[in-house]
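A quick write-up on the structure given underneath.
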Amino acid sequence: MKQLINILKKENLSIASIESLTGGLFASELVKVAGASEVFLGSIVSYANSVKKDLLNIDQTTIDKYGVVSEEIAVLMANNGSQLLKSDVTLAFTGNAGPATLENKGLGLVFTCIKIKDKNYTYTDKLLGSRNQIRKEVINLAKTRLIELLKEKGE
11 MKQLINILKK
21 ENLSIASIES
31 LTGGLFASEL
41 VKVAGASEVF
51 LGSIVSYANS
61 VKKDLLNIDQ
71 TTIDKYGVVS
81 EEIAVLMANN
91 GSQLLKSDVT
101 LAFTGNAGPA
111 TLENKGLGLV
121 FTCIKIKDKN
131 YTYTDKLLGS
141 RNQIRKEVIN
151 LAKTRLIELL
161 KEKGE
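Take any residue in the sequence shown, note its place counting from 1, add 10, and you have its number in this note's numbering.
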C-alpha cells in the first residue's frame with residue numbers, strides 16, 4: 011500500500027473506497043501506512059443492500075435486475091461513492107466471499123470497479139480460498155491493478 015500512497019501523492023490524487031464484501035478491509039490496509047491521510051478521504055461500507063439503496067442511491071429495480079453481485083452494481087457503487095466523497099480515485103468491491111452463495115452466483119465471484127477521474131475500469135474475478143482469503147486477495151488484486159493504471163497514466 012505504501013507504493014500506492016506514494017504514487018497518489020506524486021500525482022496529487024485523492025482516493026476513497028466503497029466496500030461491500032471487503033467490509034472496509036481496503037481502507038483498513040491503506041490507513042496502516044503513515045501518510046495515508048494525505049490522500050485517503052474515506053470509505054463507505056455498504057454491506058447491507060439498504061446502505062446501497064439509501065446512501066449510494068442504487069435503486070431496487072437495478073438491484074433486482076442485476077443482483078448486488080454484479081459488474082453493474084460495482085460501477086454504480088464507484089460512481090455514486092465518488093460523487094459523495096469527491097474523490098479522484100474510487101475503488102468499489104462487491105462479490106460473494108462465502109461460505110454461502112448469494113443470488114445463485116458462484117462462491118468467490120468478485121466484481122471490482124476502479125474509477126479514476128471519469129474513467130471506469132471493471133474486473134471480474136473467480137477467487138478460491140476461505141472467506142478471508144478471498145477478501146484479502148481481491149484487495150491485493152485491486153491495489154496491483156490500480157498501481158499499474160496510475161503508472162500508465164503517469165507515463
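Glycine residues also receive a C-beta, built at the ideal position from the N, C-alpha and C atoms. What you are looking at is a predicted structure, and each value in this text was computed from that prediction instead of being measured.
Are the Cβ atoms of M87 and S56 separated by less than 8 Å?
Yes.
When E113, D98, N142 and N114 are compared against V130, the one with the closest alpha-carbon:
Here residue 130 turns out to be Asn, not Val, going by the sequence shown. Comparing Cα positions, the closest option is D98.
What residues are listed by DSSP as bridge partners for A46?
None; A46 has no bridge partner.
Quick check for students: name the residue ranges of the beta strand (DSSP E) that lie wholly in the stretch 101-130, counting only runs of 3 or more.
Entirely contained in the stretch 101-130, the beta strand (DSSP E) runs reaching 3 residues are, in chain order, 119-126.
Is the Cβ-Cβ distance between E21 and L160 less than 8 Å?
Yes.
Measure the alpha-carbon distance for T111 versus L117 and round it to whole angstroms.
Distance between the alpha carbons of T111 and L117: 6 Å.
Taking C-alpha atoms, which residue in N16, Q70, S30 and P109 lies nearest to V41?
Among N16, Q70, S30 and P109, the Cα nearest to that of V41 belongs to N16.
Thinking G91 and I54 are a contact (beta carbons under 8 Å), I'd like their distance in whole angstroms, please.
The Cβ separation is near 6 Å, so the contact holds.
What number of angstroms, rounded off, separates the C-alpha of N150 from the C-alpha of L18?
Going by the C-alpha atoms only, they are around 17 Å apart.
What are the start and end residues of the alpha helix (DSSP H) that includes I157?
R141 to G164 is the span of the alpha helix (DSSP H), which, as asked, contains I157.
Assuming I28 is part of the beta strand (DSSP E), what are its boundary residues?
Looking at the DSSP string, the run of the beta strand (DSSP E) that includes I28 is I25 to E29.
Our contact map puts R155 next to I124 with C-beta atoms below 8 Å; I'd like the distance itself, whole angstroms only.
About 6 Å separates the two Cβ atoms, so the contact holds.
Return helix, strand or coil for V55, following the three-state DSSP convention.
The answer is strand: DSSP assigns V55 an E or B state.
Limits of the alpha helix (DSSP H) - the one that D74 falls within:
Residues Q70 to Y76.
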